[in-house]
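Everything on this sheet refers to the single structure shown next.
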Amino acid sequence: MAAHEILAATNAVVTLDVGIPGIVWPWLVTVNMWAKSIGTGVIFMLFMLIKRYPDQVGKLRFPTIVVSIVFIHIFLLFTLADLHQPFRMWHIFFYPHLTSAITVGAWMATAFVGLLFLLAFLSFVKKDDAAFDKALTWVVALAIPVTLYTAALMSQATARELWQMPTEAAQMIFAALLSGSAFMILLSGNKLNWEAKKSLSNILALSAFMSFILYMSEYVFGPMKAEEVAAVLEYIKGDGPYTVMFWLGQWTAYLLPMLFIALSRASKSESILKLAAILALVGLWLVKHVWLMIPQLLPMS
Amino acid sequence: MQLGFLVDLHLCMGCKGCEIACKVENEVPLSTWRLRVKYVDVGTYPETRRTFTPLRCNHCENAPCERICPVSALHYIENGIVNIDKERCIGCAGCVMACPYGAIYIDPETQTADKCTYCAHRIASSMMPACVVACPVEANIFGDLDDPASNISTYMQVHRDVQVRKPEKGTNPHHYYVGAGNVHLNPLASRREEGYNLFNKITTLPVGGHH
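Residue numbers (our numbering), protein chains in the order written: chain A, 1 to 301; chain B, 1001 to 1211.
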């Protein structure tokens, strides 16, 4: 076959495909995921601190629950705001479809909110630390699927090849650990000693490292597995529309916090540790947003 | 009964009669489409040709939209059609994200998901879908896949090059194409270049609250 014939056969340009929606899940969903990571992440961290540093955590029980309640409600508020028919939200409870991760997630998040208020009651009204710690174990157990269900939802989005359950589940857990530890570093102030803060910074650094490894693995090896993944990742490569935001997120959420944590350990500086925590929280929003947007740019037709 | 659709792309001439019939029959609002015909220009001048691919809901046997819908607004009916209950839909757009064929949209008037239903209301009255009636070359073949004597079954027996879109997704579509090439079925087989569209002033209109 002559070269011009090959070119003629392979040169294909879409010349008419009427307007179809572009971004379906906008930045509201990014806030949803980001706030949920903090809301469940601080619960994981409180549990760890109670187990490892029971003598220091006394004054942190109630503030941590308040932070979790606030961020879980931000998550719920933005979930609601993203619905095109928000006043029909009650349909999820009265017409539930249990194959949907949205339904299961909504039920679990509702139970989680109820348990958070129970913890607040035990801490603030009853002032019963023993009962609080016992109940917290069950809240942590529920916080795990609440953290993971968004990964299941992304996996159920069959059209978006980039989102696979194993990696998204790991990313959700790492995001909760990263944001939970970062928020606890900021929240703890003078209530925790340096050893406890070192533990939190270890969790922050390790979760940042693992998340970064996962993103880089997808970035490098994803295109070798699937044509659609390769096409989606082009949006964060070269002159892609999300290239700058992707790398800004990787540096802000993962690389700089790891570097600053190392520096804070070397100099025993709490200020540098706080800077690492703030960067991780800001950067997490960026990386979540990029990963949410790019599969939506791919034409489905 | 398992209703299905087949489009013979040898016959389709891109007249868009099916698009318009669908719009009128189902009162599909401006900027949204239950059925649309995609044009792809293939080749390099002077060796060029234009391909036409009607695209609609594939009414999958294993429909991702039905699975992800939190309130069963998307549901199967006895004849195999994936139907939608707009009164129940909460507009989460999970189905839009799940559909590998880009066949679902948010209706800007009702703020709920919508898509091709194979004209379920017409079928209930023993009529053919509007697009089938409108097609001047009978490129749309519709019928019961479980009935070996139906039009669609006999057509599939005669024509061996029957294909579906994105079979790797495991959705088992009940929407088939005859005479399709990679350019018709694979969105990644063709480029989308700014300035190469017919009717360039047609742009994506807002589909609802946040966009």
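We put the CB at the ideal spot given by N, CA and C, even for glycine.
At a C-beta separation below 9 Å, residue 156 of chain A has these neighbours in chain B: 1064, 1067, 1068, 1094, 1097 and 1098.
Residue 14 of chain A: member of the beta strand (DSSP E) spanning 12-16, first to last residue. Contact annotation, residue 257 of chain A with residue 279 of chain A: C-beta distance approximately 5 Å; criterion of less than 8 Å satisfied. Under the three-state reduction of DSSP output, residue 1162 of chain B falls in the strand class. Under the three-state reduction of DSSP, residue 235 of chain A is assigned to helix. Less than 7 Å separates the beta-carbon of residue 175 of chain A from that of residue 37 of chain A.
With its beta carbon at least 7 Å from every one in chain B, residue 289 of chain A lies outside the interface.
Taking every protein chain shown into account, the CB of residue 194 of chain A has fewer than 16 other CB atoms within 10 angstroms, so this residue is exposed. Between residue 1079 of chain B and residue 1003 of chain B, the beta carbon gap of about 5 Å places them in contact (Cβ cut-off 8 Å). Pairwise C-beta distances place the segment 1133-1143 of chain B out of contact with the segment 282-297 of chain A, as fewer than three of them are shorter than 8 Å. The beta carbon of residue 1117 of chain B sits closer than 7 Å to those of 1081, 1083 and 1084, all from its chain and outside the five residues before and after it, given in chain order. Between residue 181 of chain A and residue 204 of chain A, the C-beta spacing is below 7 Å. Distances from the CA of residue 109 of chain A to each of A:93, A:120 and A:123 were compared; the closest alpha carbon is that of A:93.
Beta-bridge analysis with DSSP links residue 1027 of chain B to no other residue. Within the segment 1181-1193 of chain B, the residues whose Cβ lies closer than 7 Å to any Cβ of chain A are, in chain order, 1183, 1187, 1188, 1189, 1190, 1191, 1192 and 1193.
Residue environment for residue 235 of chain A: buried (at least 16 other C-beta atoms within 10 angstroms of its C-beta).
If you compare the alpha carbons of A:292, A:14, A:18 and A:12 with that of residue 159 of chain A, the shortest gap goes to A:292. The secondary-structure analysis by DSSP pairs residue 1114 of chain B across a beta bridge with B:1105. Listed in chain order, the alpha helix (DSSP H) runs fully inside the segment 1115-1197 of chain B are 1120-1123, 1130-1134, 1151-1158 and 1182-1185, counting runs of at least 4 residues. At a C-beta separation below 7 Å, residue 25 of chain A has these neighbours in chain B: 1093 and 1097. B:1069 is the residue among B:1049, B:1069, B:1040 and B:1044 whose C-alpha sits nearest the C-alpha of residue 106 of chain A. Distance from the CA atom of residue 73 of chain A to the CA atom of residue 99 of chain A, rounded to whole angstroms, is 25 Å.
Note: residue 1084 of chain B is bridge-paired with B:1074 in the DSSP secondary-structure output.
At a cut-off of 7 Å between C-beta atoms, residue 123 of chain A does not count as an interface residue with respect to chain B. Neighbourhood of residue 1009 of chain B in chain A, by CB distance below 9 Å: empty, with the nearest CB roughly 15 Å away.
Contact annotation: in the segment 123-141 of chain A, no residue has its CB less than 7 Å from a CB in chain B. Against chain B, the CB of residue 30 of chain A has no partner CB under 7 Å away; the residue lies outside that interface. Counting C-beta atoms within 10 angstroms of its own C-beta, residue 97 of chain A has 16 or more neighbours from the protein chains shown and is therefore classed as buried.
Taking each of A:261, A:277, A:253 and A:154 in turn and checking the Cα distance to residue 1065 of chain B, the smallest one comes out for A:154. When the five nearest sequence neighbours on each side are left out, the beta carbons in the same chain lying within less than 8 Å of the beta carbon of residue 17 of chain A are those of 299 and 301, in order along the chain.
Taking C-alpha positions only, residue 246 of chain A is separated from residue 22 of chain A by approximately 19 Å. Beyond the five residues adjoining it in sequence on each side, residue 46 of chain A comes within less than 6 Å, by CB distance, of 64 in the same chain, given in chain order.
Residue 1184 of chain B counts as buried, since no fewer than 16 other beta carbons sit within 10 angstroms of its beta carbon. At a cut-off of 7 Å between beta carbons, residue 1041 of chain B contacts chain A. By the CB criterion at 7 Å, residue 84 of chain A and residue 1014 of chain B fall outside the cutoff. Leaving aside the five residues that flank residue 230 of chain A on each side, the residues in its chain whose CB is nearer than 6 Å to its CB run, in chain order, 223.
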